[in-house]
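Student:
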Amino acid sequence: MKIYPKVAVVYPDKFPKGFVNDVNGWNAPNEVLIKNKGKLLTLDIDFGNYCSLNCPHCFRRNNHVDLGKHKLMEYADVLRVVKEAKKIGLRSVKFLGAGEPFENKDFIKFLRELRKLQITPLIFTKGHVIGDDSEVAKWFSHEGITTGEQLVKELDELGVSILLGFNSFDTDVQDEMAGGIKGYTLKRNRALELLVAQGFNKSNPTRISIIAAPITNQNVDEIFDIYKWARERNLCIITTPTMVSGRASGEPFWQKITPPEDKLVEVYAKIYKFNIDRGMQTLKQIEQEGVSAYAGVHPCTQVACGMYITLTGMVLRCPGDDVTEFGSIWDKSVEEIWKNSENFKRAGTFNCKCPPKQGKSIPNGFYDKVLKRLKKEYS
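Going by this note's numbering, 363 is the number at position 363 of the sequence shown; the sequence numbering is gapless.
And the structure:
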């Protein structure tokens, strides 16, 4: 059964002049990249490792860097890393895992530290804590926060951007994609409604994105509808085929869940056509910037101005790659690792596509095929 969250339309027709095609803190505009070339502008960081869900495509479960015995970063270690990175340009931190960030009693305290440092936090969450008052009280009652309303108010005051997992409107499909957790979808929907009620989608750029990723055979026919629904409500949307790390690192798995190339091309082309027809982008702009690995939104700049620091202190190229290691925070400073990294050499690159997925879940030549389809549409 499909259940749509109760979120009012913001942009029923054309997008306004000056609309920012991004979520606050996610990517740097081209002029910012050029002006700050060589600086470490963003970090993906693990914070804790507990998660009550069991998503079959999780990029963190069974991750290569977690194999064997490793020392894990504690609160003080993460704070040290962030302060080191701040000295070389850090502007934003994205919390990805290794667990669910809101299933960690120290998380609000850490967000307050980021506020003092004037660093924008972006939080990947599945929303099941925000949408369940009993879970909020379980994790944050010691902070005086016992309801979803109180939690989103605190997050608003801390300048947070939220990246909410959103694979499907269908409760059966979505519950299954969260690990077969019955009732999960309703909690996620409530989380989104609470965030919107607090005003997270009233700014430009918006401070809330839904993550319709990965695109799989289960949800590919729904992706364009989710995209259109989200953009009309000023919700940024990140949608892309599966990462090839963690549970999806094995070729048989990512091949099994990834839709055929022609279906992916069709979805991407429909999304870009929507952007053009609604005045968000022009065909000329798309030709100049290139098709994004994240369909329809700001191209990924992560691998030109950022790195991923895992729970074990290992530094990777990005969350989609659990093989390319840049070093360890136990052995070297963040600055030393950054300046000797592959990502540092890409500094200033606006559209990095997606190196880990290239030739795998994103086929070779894919972006050219999407652009060719668009050019044909408007010829």
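Every residue gets a Cβ at the ideal spot worked out from N, C-alpha and C, and that includes glycine. Note that this is a predicted model, so its numbers are computed, not measured.
The beta strand (DSSP E) that contains residue 308, what's its start and end?
Tutor: If you number the sequence shown from 1, residue 308 lands on position 308. Here the beta strand (DSSP E) through residue 308 covers 306-309.
Student: Check whether the stretch 215-227 touches the stretch 166-181, taking contact to mean three or more Cβ pairs, one atom from each stretch, closer than 8 Å.
Tutor: Contact between the stretch 215-227 and the stretch 166-181 is present, because at least three Cβ pairs lie under 8 Å.
Student: Taking all protein chains shown into account, decide if residue 280 is buried (16 or more other Cβ within 10 angstroms of its Cβ) or exposed.
Tutor: Residue numbering aside, residue 280 sits at position 280 when the sequence shown is read from its first letter. Under this definition residue 280 is a buried residue.
Student: Using three-state DSSP, classify residue 317 as helix, strand or coil.
Tutor: For the purposes of this step, residue 317 is taken as the residue at position 317 of the sequence shown. DSSP places residue 317 in strand when its eight states are reduced to three.
Student: Does residue 360 pass the burial test, meaning 16 or more other C-beta atoms within 10 Å, or should it be called exposed?
Tutor: Here residue 360 corresponds to residue number 360 of the sequence shown, with the count starting at 1. Buried, since its Cβ has 16 or more Cβ neighbours within 10 Å.
Student: Just tell me which of 166, 4, 336, 116 has its CA closest to the CA of residue 160.
Tutor: Mapped onto the sequence shown, residue 160 falls at position 160. When only C-alpha atoms are compared, the closest one is 116.
Student: Taking the C-alpha atoms as reference points, what is the distance between residue 266 and residue 259?
Tutor: By one-based count along the sequence shown, residue 266 stands at place 266. By one-based count along the sequence shown, residue 259 stands at place 259. Approximately 11 Å, taken between the alpha carbons.
Student: Going by Cα to Cα distance, which pick from 305, 83, 164 is closest to residue 39?
Tutor: In the sequence shown, counting from the first residue as 1, residue 39 sits at position 39. The shortest Cα separation from residue 39 among 305, 83, 164 belongs to 305.
Student: Can you name the start and end residues of the beta strand (DSSP E) that residue 109 belongs to?
Tutor: Here residue 109 corresponds to residue number 109 of the sequence shown, with the count starting at 1. Element bounds for residue 109: not the beta strand (DSSP E) but the alpha helix (DSSP H), 107-116.
Student: Determine whether the beta carbon atoms of residue 343 and residue 307 lie at a separation below 8 Å.
Tutor: One-based indexing of the sequence shown puts residue 343 at position 343. One-based indexing of the sequence shown puts residue 307 at position 307. Yes, these two residues count as a Cβ contact at 8 Å.
Student: Is residue 53 closer than 8 Å to residue 181 when the C-beta atoms are compared?
Tutor: To locate residue 181, count along the sequence shown from 1; it is residue 181. To locate residue 53, count along the sequence shown from 1; it is residue 53. The answer is yes: Cβ separation under 8 Å.
Student: In three-state terms, what does DSSP make of residue 47?
Tutor: Here residue 47 refers to the residue found at position 47 of the sequence shown. It is coil, neither helix nor strand.
Student: From residue 191 to residue 131, what distance separates their C-alpha atoms?
Tutor: Walking along the sequence shown from the start, residue 191 turns up at place 191. Walking along the sequence shown from the start, residue 131 turns up at place 131. Each residue's Cα considered, the two are about 4 Å apart.
Student: Please report the straight-line C-alpha distance between residue 56 and residue 332, rounded to a whole angstrom.
Tutor: To locate residue 56, count along the sequence shown from 1; it is residue 56. To locate residue 332, count along the sequence shown from 1; it is residue 332. Each residue's Cα considered, the two are about 34 Å apart.
Student: Where does residue 124 fall in DSSP's three states?
Tutor: Position 124 of the sequence shown, counting from 1, holds the residue named residue 124. Looking at residue 124 - three-state DSSP - the assignment turns out to be strand.
Student: Which value, in whole angstroms, describes the spacing of the CA atoms of residue 120 and residue 92?
Tutor: As a working mapping, residue 120 is identified with position 120 in the sequence shown. As a working mapping, residue 92 is identified with position 92 in the sequence shown. Whole-angstrom Cα-Cα distance: 4 Å.
Student: Whose C-alpha, out of 351, 223, 156, 329, is nearest the C-alpha of residue 311?
Tutor: Taking the first residue of the sequence shown as 1, we reach residue 311 at position 311. The option with the nearest alpha carbon to residue 311 is 329.
Student: Inspect the beta-carbon positions of residue 127 and residue 71 and report whether they are closer than 8 Å.
Tutor: The sequence position of residue 127 within the sequence shown is 127, counting from 1. The sequence position of residue 71 within the sequence shown is 71, counting from 1. Taking 8 Å as the Cβ cut-off, residue 127 and residue 71 do not qualify as a contacting pair.
Student: Taking 6 Å as the limit between beta carbons, can you name the residues of its chain near residue 327, skipping five residues before and five after?
Tutor: Translated into the one-based positions of the sequence shown, residue 327 becomes position 327. The answer, listed in chain order, is 315, 337.
Student: Name the DSSP bridge partner or partners of residue 160?
Tutor: Taking the sequence shown and counting its residues from 1, the one referred to as residue 160 is at position 160. None, per the DSSP bridge assignment.
Student: Specify the secondary structure class of residue 325 as computed by DSSP and reduced to three states.
Tutor: Looking up residue 325 in the sequence shown gives position 325. Reduced to three states, the DSSP call for residue 325 is strand.
Student: Distance, Cα to Cα, residue 5 vs residue 340?
Tutor: Looking up residue 5 in the sequence shown gives position 5. Looking up residue 340 in the sequence shown gives position 340. If you take the alpha carbons of residue 5 and residue 340, they lie about 45 Å apart.
Student: Thinking residue 244 and residue 320 are a contact (beta carbons under 8 Å), I'd like their distance in whole angstroms, please.
Tutor: As a position in the sequence shown, residue 244 is number 244, starting the count at 1. As a position in the sequence shown, residue 320 is number 320, starting the count at 1. About 7 Å separates the two Cβ atoms, so the contact holds.
Student: For residue 63, does the count of other Cβ atoms within 10 angstroms reach 16, so buried, or fall short, so exposed?
Tutor: Along the sequence shown, one-based indexing puts residue 63 at 63. At residue 63, the pLDDT of 49 sits below 50, so the modelled position is not reliable; the number obtained from the coordinates is stated separately. Classification for residue 63: buried.
Student: I'd like the list of long-range same chain contacts for residue 151, defined as Cβ closer than 7 Å, with 5 residues on each side in sequence excluded.
Tutor: Residue mapping note: residue 151 aligns to position 151 of the sequence shown, counting from 1. Hits under 7 Å: 130, 136, 140, 145.
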